[in-house]
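Before any comments, here is the structure.
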Amino acid sequence: MKTIDDLALKKLIEAALFIADKPLTVATLKEHLLVDYKVSSARIKLAITTLIADYQDRGVELVKVASGYRFQTHQAISADLGHLYKERTPKYSRALLETLALIAYKQPITRGEIEEIRGVAVSSYIMKTLTERNWVKIVGHKEVPGRPSMYATTKEFLDYFSLNSLAELPELMPISELSLIDNLTPIKETET
Amino acid sequence: MKTIDDLALKKLIEAALFIADKPLTVATLKEHLLVDYKVSSARIKLAITTLIADYQDRGVELVKVASGYRFQTHQAISADLGHLYKERTPKYSRALLETLALIAYKQPITRGEIEEIRGVAVSSYIMKTLTERNWVKIVGHKEVPGRPSMYATTKEFLDYFSLNSLAELPELMPISELSLIDNLTPIKETET
Amino acid sequence: MSVISKQTQPAGNAGEMVQQVLPLALIRGEAFIKKPHDLFIPPDALEVILESFEGPLDLLLYLIRKQKFDILDLPIAPITTQYMHYVDLMKDIKLELAGEYLVMAAILAEIKSRLLLPKQTVEQGEEDPRAELVRRLQEYEVIKAAAENIDQLPQVDRDVHIAEAVFADNFQAQLIAADVSMNELVNALKGVIKRSEAFEHHHIRKEMLSTRERMTAILLRLRQATEQQFVEFSQLFTLEEGRAGIVVTFLALLELIKESMIECVQAQIYGQIQVRLK
Numbered sequence: 419m420k421t422i423d424d425l426a427l428k429k430l431i432e433a434a435l436f437i438a439d440k441p442l443t444v445a446t447l448k449e450h451l452l453v454d455y456k457v458s459s460a461r462i463k464l465a466i467t468t469l470i471a472d473y474q475d476r477g478v479e480l481v482k483v484a485s486g487y488r489f490q491t492h493q494a495i496s497a498d499l500g501h502l503y504k505e506r507t508p509k510y511s512r513a514l515l516e517t518l519a520l521i522a523y524k525q526p527i528t529r530g531e532i533e534e535i536r537g538v539a540v541s542s543y544i545m546k547t548l549t550e551r552n553w554v555k556i557v558g559h560k561e562v563p564g565r566p567s568m569y570a571t572t573k574e575f576l577d578y579f580s581l582n583s584l585a586e587l588p589e590l591m592p593i594s595e596l597s598l599i600d601n602l603t604p605i606k607e608t609e610t
Numbered sequence: 419m420k421t422i423d424d425l426a427l428k429k430l431i432e433a434a435l436f437i438a439d440k441p442l443t444v445a446t447l448k449e450h451l452l453v454d455y456k457v458s459s460a461r462i463k464l465a466i467t468t469l470i471a472d473y474q475d476r477g478v479e480l481v482k483v484a485s486g487y488r489f490q491t492h493q494a495i496s497a498d499l500g501h502l503y504k505e506r507t508p509k510y511s512r513a514l515l516e517t518l519a520l521i522a523y524k525q526p527i528t529r530g531e532i533e534e535i536r537g538v539a540v541s542s543y544i545m546k547t548l549t550e551r552n553w554v555k556i557v558g559h560k561e562v563p564g565r566p567s568m569y570a571t572t573k574e575f576l577d578y579f580s581l582n583s584l585a586e587l588p589e590l591m592p593i594s595e596l597s598l599i600d601n602l603t604p605i606k607e608t609e610t
Numbered sequence: 321m322s323v324i325s326k327q328t329q330p331a332g333n334a335g336e337m338v339q340q341v342l343p344l345a346l347i348r349g350e351a352f353i354k355k356p357h358d359l360f361i362p363p364d365a366l367e368v369i370l371e372s373f374e375g376p377l378d379l380l381l382y383l384i385r386k387q388k389f390d391i392l393d394l395p396i397a398p399i400t401t402q403y404m405h406y407v408d409l410m411k412d413i414k415l416e417l418a419g420e421y422l423v424m425a426a427i428l429a430e431i432k433s434r435l436l437l438p439k440q441t442v443e444q445g446e447e448d449p450r451a452e453l454v455r456r457l458q459e460y461e462v463i464k465a466a467a468e469n470i471d472q473l474p475q476v477d478r479d480v481h482i483a484e485a486v487f488a489d490n491f492q493a494q495l496i497a498a499d500v501s502m503n504e505l506v507n508a509l510k511g512v513i514k515r516s517e518a519f520e521h522h523h524i525r526k527e528m529l530s531t532r533e534r535m536t537a538i539l540l541r542l543r544q545a546t547e548q549q550f551v552e553f554s555q556l557f558t559l560e561e562g563r564a565g566i567v568v569t570f571l572a573l574l575e576l577i578k579e580s581m582i583e584c585v586q587a588q589i590y591g592q593i594q595v596r597l598k
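Keeping their order, the protein sequence lines are chains A, B and C. All the letters of the first sequence, read from the start, carry residue numbers 419 to 610 under the working numbering. All the letters of the second sequence, read from the start, carry residue numbers 419 to 610 under the working numbering. All the letters of the third sequence, read from the start, carry residue numbers 321 to 598 under the working numbering.
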């Protein structure tokens with residue numbers, strides 16, 4: 419069994435905690451990392467205590483969780499770190515796109531009216547997504563029982579689709595013409 | 419744009435480097451991590467320099483490799499840290515290493531050219547392994563019959579071997595081809 | 321062919337010292353420390369030996385080093401003889417690999433034949449027939465050494481380990497919202513139209529959309545005015561928009577009144593019409 423001085427021990431434990439893919443306990447450190455060394459659990463604990471102090475005011479902290487010790491980032495900077503990791507939300511559902519289209523073309527419109535046209539209920543999740551995306555907003559309440567919210571599109575919606583006004587939305591054919599044309603030639607959409 | 423003081427900046431960069439799954443460049447830090455802040459590249463560089471100094475005598479060090487900065491353990495303690503891992507570290511075959519060396523030193527190079535120098539066919543398994551590890555990639559096609567793919571090494575290759583650039587590859591054994599041929603000793607064929 | 325356990329790679333990377341200590345191969349329990357001087361390889365050992373070398377150039381380099389042959393003065397004849405012997409044996413074992421060794425044997429035989437030609441027929445200045453082989457051997461040796469050097473570089477997960485921390489519990493990756501194209505939006509609406517009676521014979525025209533947009537704008541305007549509740553009718557019009565704009569606003573107001581979303585009040589005769597959200 420080799421001996422190891424306090425500084426080397428601390429550095430070895432520090433490195434181990436940084437490369438381990440799960441929290442490490444004093445026992446794991448003693449039995450695996452330090453298997454070749456003559457080191458007491460007390461010395462390992464002391465090294466960890468010193469490390470916790472060393473990382474008191476740094477970008478990461480050494481914390482004890484249920485399954486051992488690990489280095490982790492501070493809660494306060496999670497939002498900033500979020501900029502490094504961007505996740506793409508899944509593509510929007512057909513239901514969401516239909517709802518958005520109805521709000522754009524028939525605004526101001528209530529959720530009940532959207533449901534009436536679509537023939538199915540509009541989930542709160544869809545309204546929440548569209549509102550959070552800042553594409554639609556509530557512009558008033560309809561004076562009918564329940565005073566339902568009336569939705570309309572926003573300036574952000576127009577900006578996203580590079581429109582100056584709603585009048586620049588593509589014109590839609592009446593249903594009779596639509597089905598006729600669909601059977602003949604594909605409709606040419608003008609992309610904005 | 420928010421402002422951030424030097425200490426907070428250093429801590430944020432420190433945390434980012436510890437949680438990133440690949441090395442980070444000053445540009446990535448500026449454009450992603452610090453997108454909300456008014457921070458110059460010079461200040462980011464200074465923070466990194468300070469961090470490198472902070473970690474001078476610790477269990478891990480901040481180093482620069484081809485694709486950016488990363489925290490890593492010291493080579494001196496790799497044997498001790500090996501006790502933490504159950505799996506053996508990968509050992510690459512000579513065939514793979516020779517193929518990799520040829521691509522590294524003679525890039526861009528075709529598979530045919532590699533085979534010519536090694537005097538033996540390059541197995542598809544080796545090319546697949548090198549490509550899947552992201553160490554080599556196809557950078558074009560040679561304008562000869564069959565338009566064979568030309569291979570070159572990637573930044574990931576340099577990262578893996580702790581290099582900043584191809585210029586840091588070990589120097590090739592010198593050969594003075596011409597003088598050797600000029601000095602060929604007179605033919606002394608011994609009869610079999 | 322009996323299976324033989326491979327002990328070590330004899331060729332090169334560990335250097336001569338190691339080669340002399342470790343057996344080249346174990347054949348029926350007998351260790352082969354080195355090849356016999358006449359380069360004869362027992363047939364059973366051939367497969368193992370072939371696996372130990374990276375090809376004919378590697379084997380040739382080994383033979384040259386092992387026999388202390390001068391690379392500049394290759395004894396082509398014995399090497400050629402040995403190669404021919406290999407090729408015979410290889411036919412049954414590894415044809416693919418044998419092919420490469422056969423090429424080398426052919427090269428060696430060609431060099432040998434040229435060396436055996438009467439001297440006087442060799443023209444002045446003609447390249448030594450061994451030169452090309454020497455060049456290839458050297459080129460290969462350089463790469464062989466380079467591969468060994470690369471292997472010595474600090475490798476991730478072998479010599480150095482990437483240091484990582486984990487995120488605090490409250491960490492959330494930033495979400496990038498999905499993209500939507502105008503096409504998707506229009507197609508979605510067409511889907512609704514096809515299913516719905518509500519749109520039948522409804523031609524959504526630009527004028528109608530302008531009115532709808534204005535309705536939204538008026539509602540927003542009236543919402544912002546909650547303090548005073550009422551907004552003067554005239555203030556809802558922007559004269560700079562011209563006649564068309566005024567018509568659009570008027571249509572929007574009529575539509576809003578029709579849908580009972582706003583109400584208009586005239587407190588006194590000839591007084592201002594006041595508008596407010598209902």
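From the three backbone atoms N, C-alpha and C, an ideal C-beta is built for every residue, glycine too.
| query | result |
| --- | --- |
| Within 7 Å of chain C by C-beta, residues of the stretch 491–506 of chain B in sequence order | Thr491, Gln493, Ser496 and Leu499 |
| The alpha helix (DSSP H) enclosing Ser542 (chain B), as first and last residue numbers | Ser542 to Glu550 |
| Closest residue to Gln493 (chain B) among C:Pro449, C:Ile482, C:Gln402 and C:Leu509 (Cα-Cα distance) | C:Ile482 |
| Separation of Ala522 (chain A) from Ala570 (chain A), as counted between CA atoms | 7 Å |
| When A:Ile462, A:Trp553 and A:Met545 are compared against Val500 (chain C), the one with the closest alpha-carbon | A:Trp553 |
| Ile589 (chain C) to Lys555 (chain A) span [Cα, whole Å] | 37 Å |
| Thr507 (chain B) to Pro449 (chain C) span [Cα, whole Å] | 45 Å |
| The stretch 453–460 of chain B in contact with the stretch 431–439 of chain B per 3-pair CB rule at 8 Å | no |
| Burial state of Gln555 (chain C) (16 or more Cβ within 10 Å) | exposed |
| CB contact check: Ile463 (chain C) to chain B, cutoff 8 Å | yes |
| Residues in the stretch 459–482 of chain A having any Cβ partner in chain B nearer than 9 Å | Leu469, Asp472, Asp475, Arg476, Gly477 and Val478 |
| Run of the alpha helix (DSSP H) containing Phe557 (chain C), from where it starts to where it stops | Phe557 (chain C) -> no alpha helix (DSSP H), and no H or E assigned at all. |
| Identity of the residue in B:Leu427, B:Lys420 and B:Ala433 nearest Gln490 (chain A) by Cα | B:Ala433 |
| Reference Thr467 (chain C); option with closest CA among B:Glu561, B:Thr572 and B:Ser511 | Checking the sequence shown, residue 467 (chain C) turns out to be Ala, not Thr. The residue with the shortest Cα to Cα distance from Ala467 (chain C) is B:Ser511. |
| Local conformation of Thr443 (chain B) per DSSP, three classes | coil |
| Extent of the continuous alpha helix (DSSP H) to which Gln626 (chain C) belongs | Any question about residue 626 (chain C) goes unanswered here, given that chain C covers just 321 to 598. |
| Closest residue to Leu514 (chain B) among B:Ser496, B:Ile495 and B:Arg536 (Cα-Cα distance) | B:Arg536 |
| Given 8 Å, three or more beta-carbon pairs between the stretch 424–432 of chain B and the stretch 472–483 of chain A | yes |
| Among C:Phe491, C:Thr558 and C:Gln475, nearest to Ser496 (chain A) - alpha-carbon criterion | C:Phe491 |
| Closer than 7 Å at the beta carbon, the chain C residues around Glu516 (chain B) | Glu374, Ile463, Lys464 and Ala467 |
| Ile532 (chain A) versus Lys524 (chain A) - alpha carbon distance | 9 Å |
| Element boundaries [beta strand (DSSP E), containing Ile496 (chain C)] | Gln494 to Ile496 |
| Within chain A, partners of Val453 (chain B) - CB distance below 7 Å | His501 |
| Residues near Ile466 (chain A) by beta carbon distance below 8 Å, same chain, minus five either side | Ile431, Val444, Leu480 and Tyr487 |
| Proximity test, Cβ basis, 8 Å: Arg478 (chain C) and chain B | yes |
| Beta-bridge pairing of Ile599 (chain C) - partner residues as DSSP gives them | Nothing about residue 599 (chain C) can be read from this structure; chain C reaches only from 321 to 598. |
| Straight-line Cα distance separating Asp408 (chain C) from Lys448 (chain A) | 59 Å |
| Counted within 10 angstroms of its Cβ, other Cβ atoms place Thr558 (chain C) as buried (16 or more) or exposed | exposed |
| Assigned secondary structure, His501 (chain A) (DSSP; H/G/I helix, E/B strand, else coil) | coil |
| 8 Å Cβ cutoff, Ser597 (chain A) in contact with chain C | Residue confidence for Ser597 (chain A) is low, a pLDDT of 42 falling below 50, so the modelled location carries little weight; the figure read from the coordinates is stated next. Answer yes: the Cβ-Cβ gap between Ser597 (chain A) and chain C drops below 8 Å somewhere. |
| Chain B within 8 Å of Ile399 (chain C), Cβ atoms only | no |
| Residues in the stretch 514–542 of chain A having any Cβ partner in chain C nearer than 8 Å | Leu515, Glu516, Leu518, Ala519, Leu520, Ala522, Tyr523, Lys524, Gln525, Pro526, Glu534, Ile535, Arg536 and Gly537 |
| Ala570 (chain A): first and last residue of the uninterrupted beta strand (DSSP E) it sits in | Ser567 to Thr571 |
| Residue(s) in a DSSP beta bridge with Gly558 (chain A) | A:Met568 |
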